[in-house]
Amino acid sequence: MVIVALDFENYQKVEEFLNLFETPIYVKVGMELFYQEGIEAIKAIKAKGHKVFLDLKLHDIPNTVYHASKCLANLDVDIINCHAAGGIQMMKACLEGVMEVSAQKNLAKRPLVIAVTQLTSTSKQMMNQELGINGEVVDTVVQYAQNAKIAGLDGVVCSPLEAQKVKEVCGQDFITVTPGIRPTSTQANDQVRITTPQMAKKMGCDFIVVGRPITKAQNPKEAYMNIKKEFLGE
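Under numbering that gives the first Met the number 0, the first residue of the sequence shown carries the number 0, and numbering increases by one thereafter.
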């Protein structure tokens, strides 16, 4: 599944982009759009039939994350996330909030809850020297993924380079959502741990998140379809 990162500063630009598509797609709403437009943007996107990954990366004490996740679950989004660095109890609290709201609303399917491991902008040098975490990035990612599984979460956000290892350790049903996807002809920008859509599929990625290579393309719809075909092997 391809998720398009709606990295726009206002809803008007989001609407212009979404109007290019005749059928619903899967989109990611991040901090920039959510902090600018709020829940009304989510409601408008959902009203058009699109699926939404609300990427706010909750990270606080367990009680705060519990209440925040309840608020987000009430928006009827399809995926929410938190930082694995917050620990097992915090991740459990995030899931608990979502499950509670889903039960109250009698939802047939609750939102997926996933944990961010290491951002795709994190290099080994940065992790070791700035974050104070020794070892290889993949080892930290796998450790965080194991903690997320213990907490009962559905999966993790990781780079494509770690997806296969996460699957080996946590099981094939454990979802991997992977940013850092760049078609061969595009620039890496500020991401470090990246790969192509085709390689991402081979590495075991379930969802790939693609932003600028689609949203900044001369023909965004064509770029989306090409990336989707490459990922699905069509």
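All residues carry an ideal CB built from backbone N, CA and C; glycine is no exception.
For clarity, every value in this text was computed on a predicted model and none was experimentally measured.
Subject >> Distance between beta carbons of Lys27 and Leu55, contact taken as under 8 Å >> reply: Not confirmed; about 11 Å, so no contact.
**OP:** Could you please give me the residues that DSSP links to Lys50 through a beta bridge?
**Re:** Tyr25
Original post:
From Cys157 to Ile41, what distance separates their C-alpha atoms?
Top reply: Each residue's alpha carbon lies about 24 Å from the other.
Original post:
Which term fits Gln117, buried or exposed, when burial requires 16 or more other beta carbons within 10 angstroms of its beta carbon?
Top reply: Only buried fits Gln117, as 16 or more other CB atoms lie within 10 angstroms of its CB.
Original post:
Is the segment 171-181 in contact with the segment 194-205, if contact means three or more CB pairs nearer than 8 Å?
Top reply: yes
Original post:
When the Cα of Ala144 is compared with those of Leu160, Lys166, Val1, which residue comes out closest?
Top reply: It is Lys166 whose Cα lies nearest to the Cα of Ala144.
Original post:
Skipping 5 residues on each side, what residues in its chain have a beta carbon closer than 6 Å to that of His82?
Top reply: If we look at His82 and ignore the five residues flanking it on each side, its Cβ neighbours are Lys56, His58, Val115.
Subject >> Residue of Gly37, Val140, Ala72 minimising C-alpha distance to Pro110 >> reply: Per the Cα distances, Ala72.
Original post:
When we look at the beta-carbon of His66 and count the other beta-carbons within 10 Å, is it buried (16 or more) or exposed?
Top reply: exposed
Subject >> Element boundaries [beta strand (DSSP E), containing Ala114] >> reply: For Ala114, the enclosing beta strand (DSSP E) has its first and last residue at 111-115.
**OP:** Please classify Leu32: does DSSP put it in a helix, a strand, or coil?
**Re:** helix
**OP:** Assign Gly170 to buried or exposed, taking buried as 16 or more other Cβ atoms, counted over all protein chains shown, within 10 Å of its Cβ.
**Re:** With a 10 Å radius around the Cβ and a threshold of 16 neighbouring Cβ atoms, Gly170 comes out exposed.
Subject >> Straight-line Cα distance separating Leu32 from Gln217 >> reply: 22 Å
**OP:** May I ask you to report which of helix, strand or coil DSSP gives Leu106?
**Re:** coil
Original post:
If you compare alpha carbons, which of Ile44, Ala43, Lys50 is closest to Tyr25?
Top reply: Lys50
Subject >> CB-CB length for Ile113 against Gly154, believed under 8 Å >> reply: 5 Å
Subject >> Under the three-state DSSP convention, the category His66 falls into >> reply: helix
**OP:** Have a look at Val99 and Asn105 and give me their C-alpha separation to the nearest angstrom.
**Re:** Residue identity check: residue 99 is Glu in the sequence provided, not Val. Cα-Cα distance, rounded: 10 Å.
**OP:** Classify Glu21 as buried or exposed, calling it buried when 16 or more other Cβ atoms lie within 10 Å of its own Cβ.
**Re:** exposed
Original post:
Just the Cα atoms here: how many angstroms apart are Lys69 and Tyr10?
Top reply: Between Lys69 and Tyr10, the C-alpha separation is close to 24 Å.
Subject >> 8 Å contact criterion, which Cys93 and Val140 should meet: CB distance rounded >> reply: Actually they do not touch by this definition, with Cβ atoms about 19 Å apart.
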